[in-house]
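Asker: Structure incoming, see below.
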Amino acid sequence: MPLASFPVSRPRRLRVFEEMRGLVRETRVTMEDLILPLFVEEEIDAAQPISSMPGVSRIPEKKLAKEIKAIAADGVKAVMLFGVSHHKDADGSDSWKPDGLLSRMVKRAKDAAPDLVVIADVCFCEYTDHGHCGVIGKGGVDNDKTLVNLARQSVCAVRAGADIVAPSSMMDGQVKAIRQGLDEEGLTDAPIMAYSTKFASSFYGPFRAAAGCGLKGDRKAYQMDPMNGREAIRESLLDEFEGADFLMVKPGLPYLDVLARLRERTLLPLVTYQVSGEYAMIKFAAEAGALDEKRVVRETLGAFKRAGADLILTYFARDVAREGF
Ligand code: PBG
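In structure tokens form, the structure reads like this:
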């Protein structure tokens, strides 16, 4: 690569004023890049603020339509729904009932704002009384029994109107099982956004409080070891072979290396999830006066795109929609 040295090369020439910097800016974030995760709780009357995620509340199911309309009016283009269930059991069976919370919240959201892309998180930890992401068997979560239920839950979500299903339970073969289950029901047009590389991360702490998940123990037998980079690529490529329409790396900021490596290996749209703990770090640091929230948020979103993400799941999506970039 020909590279003239100083004083011929002066990179500062391109940084003199904002319009010049704008011309040479390599990465831009738009509202089309962002997905807002939402927590929807049944059988409550008032929004429940989540203390570990300042600014985020569980939305009462009965107020979801109104809230969704307001979110869409603010300029959010896509949401990911998480149910906070009051009907938990060993298998999480409420999640695949046609009149269960998952089905109802998807229907309400889609009816309220037909142009908003509604993504259903597909997992069991919000619906099981033990808090694990599937059916418990002798050696922990039973992979293959859980696959059957994941396919049922996905069919239920798409029938209710979900535009995309996003399996997050990290069972082996989940994308294949869901694709087969959907196709058998004629739901061949429903895309799968696979949480393809999901780490057993300590950054999910606030989410578990938000989603009302009473997990004892951990998810290390199904979510990935944070120390593994090669395996991270393998996990995502397996999901691509199984028919995933999107791949994801989760969490975001601590795993930018994985995101960038995966970008080199796949042609699929790539998603990253700025998770609850990342949100909390920024919020509490800003509250303490240590960081400028607005600027730090934009810097992190830009970093995800620079590293290779097409889409970003972020609890800041509505703030960004309101305030602009
Ligand atoms: C459930 C799920 C989790 C998150 C998204 N889906 C939690 C977990 O795996 O324990 C975390 C999201 C966040 O922390 O913001 N499978």
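When the count follows this note's numbering, it moves up by one through the sequence shown with no breaks and lands on 329 for the last residue.
For glycine and all other residues, C-beta sits at the position ideal for the given N, C-alpha and C.
Below 8 Å between beta carbons: does that hold for L251 and L271?
Answerer: Counting from 1 along the sequence shown, the entry for residue 251 is found at position 247. Counting from 1 along the sequence shown, the entry for residue 271 is found at position 267. No; because the gap between Cβ atoms is not below 8 Å, this pair is not in contact.
Asker: Please state whether DSSP places F250 in a helix, a strand or coil.
Answerer: Counting from one through the sequence shown, the residue named residue 250 turns up at place 246. F250: strand per DSSP, three-state reduction.
Asker: Closer than 7 Å by C-beta to A2: which residues in its own chain qualify, once you throw out the five before and the five after it? Chain order, please.
Answerer: The structure shown does not extend to residue 2, since the chain is modelled only from 5 to 329, so the question has no answer here.
Asker: Give a single yes or no on whether G330 has its beta carbon closer than 7 Å to a heavy atom of ligand 1.
Answerer: This structure gives no information on residue 330, because the portion of the chain shown stretches from 5 to 329.
Asker: Which value, in whole angstroms, describes the spacing of the CA atoms of Y3 and L317?
Answerer: In the structure as shown, the chain starts at 5 and stops at 329, and residue 3 therefore has no counterpart that could be examined.
Asker: From this set, G221, Q157 and G165, which residue's C-alpha is nearest Q178's C-alpha?
Answerer: Position 174 of the sequence shown, counting from 1, holds the residue named residue 178. Residue Q157 is the option with its Cα nearest to Q178.
Asker: Can you tell me whether M84 is helix, strand or coil according to DSSP?
Answerer: Residue mapping note: residue 84 aligns to position 80 of the sequence shown, counting from 1. The answer is strand: DSSP assigns M84 an E or B state.
Asker: Is R238 near ligand 1, in the sense that its beta carbon is under 7 Å from a heavy atom of that ligand?
Answerer: One-based indexing of the sequence shown puts residue 238 at position 234. Ligand 1 has no heavy atom closer than 7 Å to the beta-carbon of R238.
Asker: Below 7 Å CB to CB, which residues in the same chain sit around M24 once its five sequence neighbours on both sides are set aside?
Answerer: The sequence position of residue 24 within the sequence shown is 20, counting from 1. Excluding sequence neighbours, M24 sits near L18.
Asker: Please report the straight-line C-alpha distance between G190 and C160, rounded to a whole angstrom.
Answerer: By 1-based counting over the sequence shown, the position of residue 190 is 186. By 1-based counting over the sequence shown, the position of residue 160 is 156. Rounded to whole angstroms, G190 to C160 spans 13 Å at the Cα level.
Asker: Within the present structure, is the beta-carbon of Y131 separated from the nearest heavy atom of ligand 1 by less than 7 Å?
Answerer: Locating residue 131 in the sequence shown gives position 127, counting from the first residue. Not under cutoff, so the answer is no.
Asker: Quick check on the DSSP output: the alpha helix (DSSP H) that includes A124 runs from which residue to which?
Answerer: The residue given as residue 124 occupies position 120 in the sequence shown. Premise fails: A124 lies in the beta strand (DSSP E), V121 to V126, not in any alpha helix (DSSP H).
Asker: Along the chain, where does the alpha helix (DSSP H) containing Q278 start, and where does it finish?
Answerer: The residue labelled residue 278 in the question sits at position 274 within the sequence shown. Here Q278 belongs to no alpha helix (DSSP H); instead the beta strand (DSSP E) covers L274 to Q278.
Asker: Using only CA atoms, which one of D176, P171 and F128 lies nearest to L148?
Answerer: Reading the sequence shown from its first residue, position 144 is the one you call residue 148. Note that residue 148 corresponds to Asp in the displayed sequence, not to Leu. When each option's Cα is compared against that of D148, the closest is D176.
Asker: Given a cut-off of 8 Å, decide if P210 and G281 are closer than it, judged by their beta-carbon atoms.
Answerer: Sequence index remark: in the sequence shown, residue 281 carries index 277 (1-based). Sequence index remark: in the sequence shown, residue 210 carries index 206 (1-based). Contact flag set, yes.
Asker: Would you call the CB atoms of L120 and A82 closer than 8 Å?
Answerer: In the sequence shown, residue 120 corresponds to position 116, counting from 1. In the sequence shown, residue 82 corresponds to position 78, counting from 1. In this structure, A82 lies closer than 8 Å to L120 by Cβ.
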